[in-house]
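Protein sequences, first through last, are from chains A and B. Here the first sequence is numbered in numbering that gives the first Met the number 0, starting from 0 and rising by one per residue. Here the second sequence is numbered in numbering that gives the first Met the number 0, starting from 0 and rising by one per residue. Where a beta carbon is used, it is the ideal one built from N, C-alpha and C, also for glycine. Remember, predicted model here, so these are calculated numbers, not experimental data.
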Amino acid sequence: MGKYIIQRVLQAIPLVFIITMLVFVLMKIAGDPLAYLAQDPRVRPLDRLVLRAKYGLDDPMVMQFIYWVFGDEGVERPVDVDNDGETDFTTVGVRRGIIRGDFGESIRFRKPVTEVIGQFLPNTLLLGTTAFVVTIILSLVIGVFAALRQYTLADNIITAGTFITYSMPVFLLALILVQIFAIQFRRWGLPSLPVSGMYDPRGNQSIDELVRHMILPVASLALINIAGWSRYIRATMLEVINSDYIRTARSKGISERRVVFLHALKNASLPLVTLIGLNLPFILSGAVITETIFSWPGMGYMYINALDQFDASLVVAFVLMIAVAVVFFQLLTDVVYAWLDPRIRYD
Amino acid sequence: MATATQTQTGVINLQEEHRQPQSMTRIVVRRFFAHRMAVAGVILLALIVLYVTVGAFFFTEAYANKTNVRAKFAAPSAEYPFGTDSVGRDVMARTIYGGQISLAIGVVAMSISVTLGTLIGLAAGYFGGLVDAILMRLVEAILTIPLLILLLLLSRALMEISSATTVILGREISVTVVVIVIIIGLTSWMGLSRIVRSLVLSLKEQEFVVAARSMGAGNGRIIFGHILPNCVAPIMVSATLEVGVAIVIEAALSFLGFGVMPPTATWGNILNGARQSIDDLWWLWVAPGALIMATVLAINFIGDGLRDAFDPRSIK
Numbered sequence: 000m001g002k003y004i005i006q007r008v009l010q011a012i013p014l015v016f017i018i019t020m021l022v023f024v025l026m027k028i029a030g031d032p033l034a035y036l037a038q039d040p041r042v043r044p045l046d047r048l049v050l051r052a053k054y055g056l057d058d059p060m061v062m063q064f065i066y067w068v069f070g071d072e073g074v075e076r077p078v079d080v081d082n083d084g085e086t087d088f089t090t091v092g093v094r095r096g097i098i099r100g101d102f103g104e105s106i107r108f109r110k111p112v113t114e115v116i117g118q119f120l121p122n123t124l125l126l127g128t129t130a131f132v133v134t135i136i137l138s139l140v141i142g143v144f145a146a147l148r149q150y151t152l153a154d155n156i157i158t159a160g161t162f163i164t165y166s167m168p169v170f171l172l173a174l175i176l177v178q179i180f181a182i183q184f185r186r187w188g189l190p191s192l193p194v195s196g197m198y199d200p201r202g203n204q205s206i207d208e209l210v211r212h213m214i215l216p217v218a219s220l221a222l223i224n225i226a227g228w229s230r231y232i233r234a235t236m237l238e239v240i241n242s243d244y245i246r247t248a249r250s251k252g253i254s255e256r257r258v259v260f261l262h263a264l265k266n267a268s269l270p271l272v273t274l275i276g277l278n279l280p281f282i283l284s285g286a287v288i289t290e291t292i293f294s295w296p297g298m299g300y301m302y303i304n305a306l307d308q309f310d311a312s313l314v315v316a317f318v319l320m321i322a323v324a325v326v327f328f329q330l331l332t333d334v335v336y337a338w339l340d341p342r343i344r345y346d
Numbered sequence: 000m001a002t003a004t005q006t007q008t009g010v011i012n013l014q015e016e017h018r019q020p021q022s023m024t025r026i027v028v029r030r031f032f033a034h035r036m037a038v039a040g041v042i043l044l045a046l047i048v049l050y051v052t053v054g055a056f057f058f059t060e061a062y063a064n065k066t067n068v069r070a071k072f073a074a075p076s077a078e079y080p081f082g083t084d085s086v087g088r089d090v091m092a093r094t095i096y097g098g099q100i101s102l103a104i105g106v107v108a109m110s111i112s113v114t115l116g117t118l119i120g121l122a123a124g125y126f127g128g129l130v131d132a133i134l135m136r137l138v139e140a141i142l143t144i145p146l147l148i149l150l151l152l153l154s155r156a157l158m159e160i161s162s163a164t165t166v167i168l169g170r171e172i173s174v175t176v177v178v179i180v181i182i183i184g185l186t187s188w189m190g191l192s193r194i195v196r197s198l199v200l201s202l203k204e205q206e207f208v209v210a211a212r213s214m215g216a217g218n219g220r221i222i223f224g225h226i227l228p229n230c231v232a233p234i235m236v237s238a239t240l241e242v243g244v245a246i247v248i249e250a251a252l253s254f255l256g257f258g259v260m261p262p263t264a265t266w267g268n269i270l271n272g273a274r275q276s277i278d279d280l281w282w283l284w285v286a287p288g289a290l291i292m293a294t295v296l297a298i299n300f301i302g303d304g305l306r307d308a309f310d311p312r313s314i315k
């Protein structure tokens, strides 16, 4: 087992390196991080020159990558202000590199990006985890129910329902929910649900308010995922339920409930471990579309705004953070799976 | 060789398929059209294509892009069956011309991603070793970044020219259409490349490939003449489903304002109007939303039907 874990970690290292390089290339394609200064009349050309030197934008690409990863403390860069070939002064690098958690500063928030992310992350975790738990519970219920009643009317209705939701883009579902539960309910004089933010700006910041604000975004996120997940659970459940050992268990006279929940579900939940493990890190990325529609101040909302204002260091830190989280959870899932399923060999 | 087919009643019938020798294509076509959902999908998709083509005879594209501030946010009426948007453009005319662009984006992006996915999968599977290791690590690396996050970043990076237009097939179209098609195509080949790779891994060890090689066939001939034809089934299924995925992705990007820019309409950027106002402007999103959903549903049905039709284990 220990050997297997070490082997998987060693496989993950080159992957993280490739991702880091990929993100760096994306950042370079995305353009000049100082472009925003060009529109600012208060910034003199001299300042631009100094900033270019400070961030090492004129260094060779390979060196830029190395400095970005490992930091450039103490690296001196000469600045020639009047273009006469003589060095007027030198800037000294102070970046500590992403490897030591220095992702730079957000242009918009004027704070280290790690702090900015720390500010938005809890909101996304709250929304994402709630939706995730709701998704798992409801898909399990629906999936197992449909599997036990294969090809009955109920199963066919569930199948049709999942097919329709599965084909529905999340923004359409969100718009439909808003139309029904916010706009129409208000018109009919029913208690309508809020559609924007985490709290009512005029109201109090109680748990009650928060829950009310969470209902629609959680419902949008969960409904979309339940469609795919419940199909998956139905399929694995059907596979298990038709296997020999289940027939044996039934023939021994064990109660149906015991067969389904103890014998079948236990084995059917193995693939579910993979599904959960591989999807968990994507909670971090936030739900860009849902958070935008409902103005939920989470990671996805932050990302869209950072892109709009071209807050390069924030964008890059965000993308890299998710990618590394995905690699980590893939590793964790493999290890947990190997530990749960004795059929998997480590070597 | 007699093929045993099992009928619905469970009786094994050794004669049925033996009686009438059929080519693989005919078997697949017959099975496909026996699939009720798949046929429904074909009909639904045909209706949508009919809507966006025949509809174009009733409205000109100039009319679809014409703004009329005095008629903005008009509710559906006899004059504007689907109402008007924030600058008074006819939503119905826009769903027609937008549909053409959305469908075209789906098909072209699919062509790019399927070509890339197939070629990369073939190369990784056939050559193995270092080529395989590099390509598959690249696939893994790209897959760690959520697709929408990656696309938004690429779109933001390449959209500096957002107001420019270009002429394609005699029509003036926003350059953003081209950018979107390319970035969707470039970021959605990974799944297919893995499928093709695993198929090639087993195919290249089989006797017919060994036979071809012993007869002196080169790598190119073996790959494209012998291995590729055996990968057609998963490629066609992926290609079908990818059209739907590309349409939804384009809609999501345009909805967020990072996709196709006006005046060129797509189903996605008509929906963008609905994002800017949470008031009761349901007509801004109901028609394009329903069209997107119907298209994706139809494509998913067709894809499902194709998968079953190609599956040698499926009985019918």
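CB contact below 8 Å: residue i versus chain A
{"i": "PRO75 of chain B", "result": "no"}
{"i": "PHE81 of chain B", "result": "no"}
{"i": "MET189 of chain B", "result": "no"}
{"i": "TRP281 of chain B", "result": "yes"}
{"i": "GLY124 of chain B", "result": "no"}
{"i": "ALA238 of chain B", "result": "no"}
{"i": "PRO262 of chain B", "result": "no"}
{"i": "ILE100 of chain B", "result": "no"}
{"i": "TYR72 of chain B", "result": "According to the sequence provided, residue 72 of chain B is Phe. The question's Tyr does not apply to it. Answer no: the Cβ-Cβ gap between PHE72 of chain B and chain A never drops below 8 Å."}
Residue i at chain B interface by Cβ criterion, 8 Å
{"i": "ALA234 of chain A", "result": "no"}
{"i": "LEU237 of chain A", "result": "no"}
{"i": "GLN348 of chain A", "result": "What the structure shows of chain A is the stretch from 0 to 346, and residue 348 of chain A is not part of that stretch, so it cannot be assessed."}
{"i": "ALA322 of chain A", "result": "yes"}
{"i": "PHE102 of chain A", "result": "no"}
{"i": "TYR198 of chain A", "result": "no"}
{"i": "VAL287 of chain A", "result": "yes"}
{"i": "MET167 of chain A", "result": "yes"}
{"i": "LEU120 of chain A", "result": "no"}
Cβ pair residue i, residue j closer than 8 Å
{"i": "GLY276 of chain A", "j": "PHE328 of chain A", "result": "yes"}
{"i": "VAL133 of chain A", "j": "VAL210 of chain A", "result": "no"}
{"i": "PHE31 of chain B", "j": "LEU296 of chain B", "result": "no"}
{"i": "LEU172 of chain A", "j": "TRP295 of chain A", "result": "no"}
{"i": "TRP282 of chain B", "j": "GLY97 of chain B", "result": "no"}
{"i": "VAL176 of chain B", "j": "THR263 of chain B", "result": "yes"}
{"i": "PRO168 of chain A", "j": "ALA250 of chain B", "result": "yes"}
{"i": "VAL107 of chain B", "j": "MET189 of chain B", "result": "no"}
{"i": "LEU339 of chain A", "j": "ILE232 of chain A", "result": "no"}
{"i": "GLY82 of chain B", "j": "ALA92 of chain B", "result": "no"}
{"i": "VAL314 of chain A", "j": "ALA324 of chain A", "result": "no"}
{"i": "LEU237 of chain A", "j": "GLN178 of chain A", "result": "no"}
{"i": "ILE95 of chain B", "j": "TYR50 of chain B", "result": "yes"}
{"i": "GLY252 of chain A", "j": "ASN122 of chain A", "result": "no"}
{"i": "PHE131 of chain A", "j": "ILE282 of chain A", "result": "yes"}
{"i": "ILE221 of chain B", "j": "LEU121 of chain B", "result": "no"}
{"i": "PRO280 of chain A", "j": "ILE321 of chain A", "result": "yes"}
Residue i versus the options, residue with shortest Cα-Cα distance
{"i": "ALA311 of chain A", "options": "A:SER254, A:ILE28 and A:TRP295", "result": "A:ILE28"}
{"i": "LEU319 of chain A", "options": "A:ASP333, A:LEU330 and A:TYR302", "result": "A:TYR302"}
{"i": "VAL242 of chain B", "options": "B:ILE100, B:MET36 and B:VAL28", "result": "B:ILE100"}
{"i": "VAL22 of chain A", "options": "A:ILE97, A:ASP243 and A:ASN203", "result": "A:ILE97"}
{"i": "VAL287 of chain A", "options": "B:ILE222, B:LEU151 and B:ALA211", "result": "B:LEU151"}
{"i": "PRO77 of chain A", "options": "A:PRO40, A:LEU313, A:ALA52 and A:MET60", "result": "A:ALA52"}
{"i": "TRP228 of chain A", "options": "A:ASN203, A:ILE136, A:VAL325 and A:MET213", "result": "A:ILE136"}
{"i": "VAL195 of chain B", "options": "B:PHE56, B:ASP89 and B:LEU115", "result": "B:LEU115"}
{"i": "ILE148 of chain B", "options": "B:ILE183, B:LEU290, B:ILE133 and B:PHE309", "result": "B:ILE183"}
{"i": "PRO233 of chain B", "options": "B:PHE309, B:PHE257 and B:ARG212", "result": "B:PHE309"}
{"i": "VAL194 of chain A", "options": "A:GLU208, A:ASN203, A:ARG107 and A:GLY188", "result": "A:GLU208"}
{"i": "ASP303 of chain B", "options": "B:ARG25, B:SER22, B:ILE26 and B:VAL41", "result": "B:VAL41"}
Nearest-angstrom Cβ-Cβ length linking residue i and residue j, presumed shorter than 8 Å
{"i": "VAL259 of chain B", "j": "SER173 of chain B", "result": "6 Å"}
{"i": "ALA343 of chain B", "j": "ILE301 of chain B", "result": "This structure cannot speak to residue 343 of chain B, because chain B is shown only from 0 to 315."}
{"i": "PHE102 of chain A", "j": "ALA316 of chain A", "result": "4 Å"}
{"i": "ILE245 of chain A", "j": "ALA263 of chain A", "result": "6 Å"}
{"i": "ALA273 of chain B", "j": "LEU174 of chain A", "result": "6 Å"}
{"i": "PHE170 of chain A", "j": "ILE292 of chain A", "result": "6 Å"}
{"i": "ALA293 of chain B", "j": "LEU134 of chain B", "result": "The Cβ separation is near 37 Å, so there is no contact."}
Item to check | Continuous beta strand (DSSP E) assignments of at least 3 residues falling wholly in the stretch 123-185 of chain B | outcome: 164-167 and 170-173
Next on the checklist: To test your reading of the DSSP string, which unbroken alpha helix (DSSP H) runs of 4 or more residues are found completely within the stretch 196-252 of chain B?
Outcome noted: Runs of the alpha helix (DSSP H) lying entirely within the stretch 196-252 of chain B, each at least 4 residues long, are 206-213 in chain order.
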